[in-house]
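Sequential numbering from 690 applies to the sequence shown in my numbering.
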Amino acid sequence: PQPIFRKDYRRPDYTIDRVDLRFELGEDVTRVHATLTVRRMDGTPEGAPLVLDGENLAHVSVALDGRELSAGEYFVTPTSLTIPAPGAGFTLATVVEIKPQDNLELSGLYRSSGNFCTQCEAEGFRRITWFLDRPDVMARYSVVVEADKAKYPVLLANGNRVATGDLDGGRHFARWDDPFPKPSYLFALVAGDLRCFPGEFLTRSGRTVRLEIWVEPDNIDRCAHALRSLQAAMRWDEEKFGREYDLDIYMIVAVSDFNMGAMENKGLNLFNAKYVLARPDTATDDDYDGIESVIAHEYFHNWTGNRVTCRDWFQLTLKEGLTVFRDRLFSADMGSPAVARIGDVLALRTNQFAEDSGPMAHPIRPESYIEMNNFYTTTVYEKGAEVIGMMRTLLGEAGFRRGMDLYFERHDGQAVTCDDFRAALADANGVDLEQFGRWYSQVGTPVVRARGEYDADARSYTLTLEQAPPRGRTSAELLHIPVAVGLVGPDGPLSFKLSGETAASADTRVLELRERSQSFRFDDVAAAPVVSLLRGFSAPVELEVERSDADLARLMAADPDSFSRWDAGQELGRRVLLRLAADVEARRPLALDPAFVAACAEIVADPGLDGSLKALALTLPNERLLGQHQPVVAVDALHEAREFAFKALAAALREPLLAIYQSTAPQGQYRIERAEVDRRKLRNLALAYLVALGEPELVALAMSQFHLADNMTDSEAALACLIEHGGPERDAALAEFHRRWHKDPLVLDKWFALQAASGHPDTLERVTALADHPDFNLLNPNRARSLVGVFGMRNQHQFHRKDGRGHALVADKVLAIDAHNSQLAARLVAAFNPWRRFDATRQQSMRTQLERIAGHSGLSKAVREIVDRALA
Ligand code: DPP
Ligand code: ZN
């Protein structure tokens, strides 16, 4: 397959203004009747052919302006329907047959738990009917759904329900009209036996919107949090961005088999059940947060994605980077901004930085792709959101809002580009964002180097910032980088004055780095400072700055910026762990740095830190993150070093941790409230450290928490501790958990995932056995990800076992999955992307598996694109 290039974009020759669809849903065959009202675009030559996209369609008939075409008047290939010279304006009616029951790709129209559902982004609509399946073709849709009434009592599509009725043979129908023109990727249809959890929302202009959450009957008691989250998101978008919902009804359907997290189809969101369903005994605090943010994300797409959509798929970050950024602002407002920011940055560094330095590295606006689904990446989403965040930092909150308002005013109802968005922000504020625009085309994580000098006599501090190309690259254009800074003295924050400022203050200032190297002078600085750089992680760069361990300890204790305070602790922890790993490799005796222990003890004792921040500060950097800072990832040494440090810290802090555990026992029933979440986070972190000591009475704490917990957060945390501990306690807890939850797919996913993530030395053997467990199956994406995905992507130590068996296991599963679901297989095969970062033995082992996959006959183009790039 040939790549498609951004530079080759051409507007379509024809466009479609209206779509009338009729679905005859059936057990064996589904018939799709489509009538398209087509218009030739100005400037298209008269004789230009109309070429529609299609995939896996059994063609039945085609009629032009009501006249059935005969052979020779049109041409069908497996991926196209061509009408030579159809005219300037006409209707085209086609009939095709499809088999949703055989559609295991979960793209297009398919079945899940016996119900019909759809997923059309990016290019699934062509698997339903012949169409100009590209986002710059926006049409009004009217949809009739017909199905057996007993089996499929509920019939849904986008927009408003305008008619329903009975048909012969026990069948019925519903007709839905969507008044808003939309691209085909936002089409959705659902038919099934579902229950409605209803609610409503009163918009600020006084309209009542009906809210409906549709789930399988058993799940009706798990919808309340999703509904609350939706209402909160609707209110928030009105308040923060002036955006009101536009239809009379908003529906969310939970689907058990879903490749993505969720999908923002106009008025009818389809969700992975994982991001809808929650009850205290089945969902953790983190699950609750995940639901809140994904519900909000999809809702926010109604304006950033649906009303204003993407011209072409290279612009994906236009809607995704922006909508992730919006859902982050929302989550920060709903909970703790510092905790949210730390979580986002940790994920960015662990996943996106790795992607950006590996074979799949691409700009947030890619230049080419073979399979678009491969570009729904952490770079497009999370780095894309960072890029939006930098613009907001540069423009300020009010300036950003002005820019957003202009963007909506200019482009409502259009399919536009990232450049259009940036132009709206620039024009609304009268600023120049040209240089900033390079963030859209540059690959890799830029490096920012900093050095500072304090002049005690002049009471001035000079900070020199330098930007350098990403590691492994020799050149890069100069970027426009906002660097948020502050100074911290021996007794806390220091005030200072930058040139042009009239008064000194200790507030955070944003320096704009636009040259290769720039110096900034800070005046009225009372004492030798430690510089606190990149506060709030003001830019997605790698920072190199010379700071002693003592400097870091000062920031860890006293930086007023919560993110930077955490970050300093992480950097200190990273140094300590990397030195330990070097000691492991050199077979030197191991000892945990007492200064680090002391800094952690201060965190434990700090009354000013909430439980969540404390838990984050006391979590050691993960092995994948540590590996990024080594020239060759020392898999075993890192694992041993981290295990050692974890136990040593537990031993050193045994008493205070035990005191925390005992003093934070739950009072009353589970409540999903900030203070309670903080309490549980800290208590469960303490438990993990304590159980690592292996003392029977400490292990018993976990056992008893596991038995007594009235909620999944505490139950899962205790189970995780027991799995790490191993032995009969592990087996007993796992058996009990399975007994309790084996009929509950989302909870059982946790059972698989916890075992796949374990650092225990027998994890590979257990994962191998679990892959043959009767409850395991490769057809359900959540289940496949819970075992294969977690093992391959999150368990560096076991996946990269030197004997290569971890690699072989994941490769086997990738091939097995690729036979039915290439999107999912392509996600999982990315576990091999960092292969060049490892030692020769492991490189060889991964290369062997990559070549084996590449040589597999019938490999999908999605997986082929990833492995070809990895091997290139
Ligand atoms: N459903 C995916 C998301 O919302 C793709 N649009 O990010
Ligand atoms: Zn999205």
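The C-beta atom is built at its ideal place from N, Cα and C for all residues, glycine as well.
Per DSSP, residue 1527 lies in no beta strand (DSSP E) and is assigned neither H nor E. Measuring C-alpha to C-alpha distances from residue 925 to each of 722, 753, 899 and 982 identifies 982 as the nearest. For the pair of segments examined, the stretch 1371–1389 was found not to touch the stretch 1423–1440: the number of CB pairs separated by less than 8 Å stays below three. In this structure, residue 952 has its CB closer than 7 Å to one or more heavy atoms of the ligand DPP. Boundaries of the alpha helix (DSSP H) harbouring residue 925: 913–930, taken from the DSSP string.
In the three-state reduction of the DSSP assignment, residue 1335 falls in the helix class, which pools H, G and I. For the set 756, 1357, 1010 and 719, the Cα lying nearest the Cα of residue 880 is the one of 719. When secondary structure is reduced to three states using DSSP, residue 1510 falls in the coil class, being assigned neither helix nor strand. Beta-carbon to beta-carbon, residue 1494 and residue 1446 are separated by about 17 Å, too far to satisfy the 8 Å threshold. Beta-bridge pairing by DSSP links residue 871 to 828.
When C-alpha distances from residue 1119 are compared across 1088, 1094, 1349 and 786, the shortest belongs to 1088. Runs of the beta strand (DSSP E) spanning 3 or more residues and lying entirely within the stretch 743–783 occur at 747–753, 764–766 and 769–772, in chain order. Between residue 988 and residue 915 the beta-carbon gap is near 11 Å, outside 8 Å, which marks them as no contact. Short of 7 Å from the beta carbon of residue 1127, and not among the five residues preceding or following it, lie these beta carbons of its own chain, in chain order: 1166 and 1168. Counting the other Cβ atoms within 10 Å of the Cβ of residue 1432 gives fewer than 16, which makes it exposed. If the five residues before and after residue 1553 are omitted, its C-beta is found closer than 6 Å to no C-beta atom of its own chain. Judged by the Cβ position, residue 940 fails to qualify as a neighbour of the ligand DPP at the 7 Å threshold, every heavy atom of the ligand being at least this far. Rounded to the nearest angstrom, the Cβ distance from residue 726 to residue 754 is 11 Å, too far for a contact under 8 Å.
Between residue 903 and residue 919, the C-beta spacing is not below 8 Å.
Here residue 1049 carries a coil assignment [DSSP, helix/strand/coil]. In the DSSP assignment, residue 818 forms no beta bridge with any residue. Counting along the chain, the unbroken alpha helix (DSSP H) around residue 1558 starts and ends at 1550–1560. Contact check for residue 1135 and residue 1171: beta-carbon distance about 12 Å, past the 8 Å limit, so the pair fails to qualify. One Cα belongs to residue 1326, the other to residue 1114, and the distance between them is close to 48 Å.
In this structure, residue 1009 has its beta carbon less than 7 Å from a heavy atom of the ligand DPP. Take the alpha-carbon of residue 1205 and the one of residue 1522: they are about 31 Å apart. When beta bridges are read from the DSSP output, residue 993 appears opposite 997.
In this structure, the C-beta of residue 1462 stays at least 7 Å away from each heavy atom of the ligand ZN. Bridge pairing for residue 727: 705 and 779 [DSSP]. By the CB criterion at 8 Å, residue 1133 and residue 1227 fall outside the cutoff. Under DSSP, residue 1174 takes part in a beta bridge, and its partners are 1198 and 1222.
Annotation for residue 1076: 1006, 1010, 1053, 1128, 1129 and 1229 place their beta carbon closer than 8 Å to its own, counting only its chain and skipping 5 residues before and after. Not one heavy atom of the ligand DPP falls within 7 Å of the beta-carbon of residue 1071.
DSSP, read as helix, strand or coil, puts residue 1107 in helix. Of the other Cβ atoms in all chains shown, fewer than 16 fall within 10 Å of the Cβ of residue 897; this residue is therefore exposed.
Residue 849 is bridged by DSSP to 866.
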